[in-house]
Structure formats: structure tokens, C-alpha cells
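Working notes for the structure below.
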Amino acid sequence: MPSKAQVYGGFGQGTFQSDADRKFYALPEVKCQLRGKSSRKTGLSNNQADASLAARSFGAFVLTNDEKPGPLKLAADKGGKIVYLAEEVDKSGLTLGEYMSRLRQSIE
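Number 73 in my numbering belongs to position 72 of the sequence shown; there are no gaps in the numbering.
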């Protein structure tokens with residue numbers, strides 16, 4: 002069932018959703034994290050922004066300090082490129098730029 006609230010990319014236009022994004026949003030685990038959640042002042046429901054970032058993590062790195070259960074953790078468990086700043090970058094002793102450079106090299 003489509004969401005009651007529609008997300009716009011600006012200028013009255015909807016946003017693009019890739020096949021990979023749709024596949025992520027179709028996962029039962031993601032659906033249950035988004036359905037029935039109340040809207041915030043922003044108009045987004047709880048976990049909606051995190052789900053958007055999580056879906057994009059399969060094609061780009063997502064930087065976060067949020068380690069709570071939710072869409073970002075689910076994406077990390079499914080192979081999304083989630084980088085936990087405090088847990089990974091800070092503990093490495095590297096600058097963010099150095100850490101990301103090494104991370105990119107390790108997956109190429």
C-alpha cells in the first residue's frame with residue numbers, strides 16, 4: 002500500500018527510486034520499521050530518513066554514529082556501506098579522509 006504522505010524532491014517533483022532502493026524498501030524487515038509510525042514535525046515518519054540513507058548505502062558510503070536497531074543497522078547487516086564514525090573511524094586513529102581512502106581501496 003502506498004504511503005499517505007508523498008515525498009518530493011523539490012519543485013513539485015517526486016524523487017527517483019532505483020531498482021536497488023525499491024528492493025530494499027520491499028524487504029519485510031524494512032516495511033515493519035516504517036508502517037504505522039507517527040509523523041514528526043518534519044512530516045517524515047519515524048525511521049523514514051534512516052531508511053532512505055540505508056537504501057542508498059548499497060551504492061555509496063553512509064557516515065553515522067547511530068548504532069541502534071533500525072534501517073541503517075539492517076542495511077549494514079545486508080552488505081550496505083555503513084561507516085560508524087565513533088566505532089570505526091575514531092578508534093582507527095586515522096582522519097576521516099585517511100579512513101575513507103583506505104576503505105575505498107580495500108573494496109576496489
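Glycine residues also receive a C-beta, built at the ideal position from the N, C-alpha and C atoms.
Query	Result
Give a single yes or no on whether Leu104 has its beta carbon closer than 7 angstroms to a heavy atom of the ligand ZN.	Ligands in the displayed structure: none, and consequently the ligand ZN is not present.
Three-state secondary structure (DSSP) at Ser39?	coil
In angstroms with no decimal places, state the Cα-to-Cα distance between Arg111 and Leu95.	Since the first residue shown for the chain is 2 and the last is 109, residue 111 is missing from the structure and cannot be characterised.
Would you call the CB atoms of Asp51 and Pro72 closer than 8 angstroms?	yes
Which one of Arg105, Phe17, Asp78, Gln18 has the shortest CA to CA distance from Phe62?	Arg105
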